[in-house]
Ligand code: 13P
Ligand code: SF4
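In the working numbering, the protein residues as written are -14 to 290.
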């Protein structure tokens, strides 16, 4: 089957088999075209609850499929490519959180959604890059232990100097490839361009950028801006999507090195194989894991609106 035939077959089969396909913004455009919903981590979590279908296929990384299973335990949830993990989510375990809680007993524990379901069982509230400032701003607590990404955490902390933060020493290996020198070089090469970055970038980069936000936040900003040129500091798939969706504007990657192999691994063939039962993996969590990891995710939805 060529690409168009494969897409048509996936669209036909997903109706026949009552499947909802969710695609993260970093997935290839050809996967967006067969998805029922495309979005950032927060949007995907909300959509997981709303989906009417009995089966969900996640085109993204493992923690996203786990979040869907937690929010919709009655559904069969599949990760389209079983090898798609998030290296940042794998940096910290539940045991690491429990140890840090002993060090910071008077802190509320906020975890980025890019964490395992098991880790989420030990924290108070989950945030995503798009919802974090609102959620943490709405918390009555003043002392925050933020895990595992100190870059996202530091970006939030700057926006609320009245709160104090403690961090874990983690971070996204792909976004941390972008440097302040890349920003200086982009300003030199493209002086008219606006620089839009993800808050997983290091502080020296977010401080020099014109805008920092989630994957869909960056796309929305670029689409709505009257500017004509943009330098994009996040996984480079977003540059490709914006070039397709806004052909009248020009987009450059801030660094060619900002690539997440895990996010780029999933193919149309994987989705087809997942539907046919020959690829992918069904996400299975125990009732106790679901109950305990759901509590901080529900708090995120309640505080994030
Ligand atoms: P978003 O929350 O912006 O979708 O980001 C998820 C992610 O993995 C960024 O690297
Ligand atoms: Fe994880 Fe970074 Fe890849 Fe996002 S880009 S999935 S945070 S490794």
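Heads up, the beta-carbon is just placed ideally off N, CA and C, and yes, glycines get one too.
Item, Value
"Heavy atom of ligand 1 less than 7 Å from the Cβ of residue 200, yes or no?", "yes"
"Leaving aside the five residues before and after residue 25 along the sequence, list all residues of the same chain whose C-beta is less than 8 Å from its C-beta, in chain order.", "9, 10, 113, 114, 115, 199, 200, 201 and 202"
"Could you round the C-beta distance between residue 163 and residue 243 to whole angstroms and report it? I think they count as a contact, below 8 Å.", "6 Å"
"Rounded C-beta distance between residue 139 and residue 182? I'm assuming under 8 Å.", "Not confirmed; about 13 Å, so no contact."
"Do you know how far the Cα of residue 58 is from the Cα of residue 274?", "11 Å"
"Bridge partners for residue 218 per DSSP, in chain order?", "182"
"Does the beta-carbon of residue 185, which I'm using as the reference point, lie nearer than 7 Å to any heavy atom of ligand 2?", "yes"
"Hey, would you say residue -8 sits closer than 8 Å to residue 19, going by beta carbons?", "yes"
"With a threshold of 8 Å on Cβ separation, who are the neighbours of residue 61 within its own chain once the five nearest residues in sequence on each side are excluded?", "39, 40, 41 and 267"
"Excluding the 5 residues flanking residue 102 on each side, which residues of the same chain have their C-beta closer than 7 Å to its C-beta?", "51, 55, 270, 274 and 278"
"Residues in its own chain within less than 6 Å of residue 108 by CB, not counting five upstream and five downstream?", "94, 96 and 281"
"In whole angstroms, give me the CA-to-CA distance for residue 45 and residue 66.", "8 Å"
"Contact check, residue 32 vs residue 22 under 8 Å by CB: the rounded distance?", "4 Å"
"Within the present structure, is the beta-carbon of residue 53 separated from the nearest heavy atom of ligand 3 by less than 7 Å?", "Questions concerning ligand 3 fall outside what the structure shown contains, since the ligands it does hold are ligand 1 and ligand 2."
"Using 7 Å as the cut-off, classify the Cβ of residue 247 as near or not near the heavy atoms of ligand 2, replying yes or no.", "yes"
"Since residue 266 sits in a beta bridge, which residues does DSSP pair it with?", "64"
"Considering only residues of the same chain and omitting the five flanking positions on each side of residue 92, which have a CB-CB separation below 7 Å?", "128, 129, 130 and 151"
"Using the beta-carbon count (16 or more within 10 Å), is residue 262 buried or exposed?", "exposed"
"Nearest CA to the CA of residue 197: which residue from 229, 246 and 141?", "141"
"Taking the beta carbon of residue -14 as the centre, do at least 16 other beta carbons fall within 10 Å, making it buried, or is it exposed?", "exposed"
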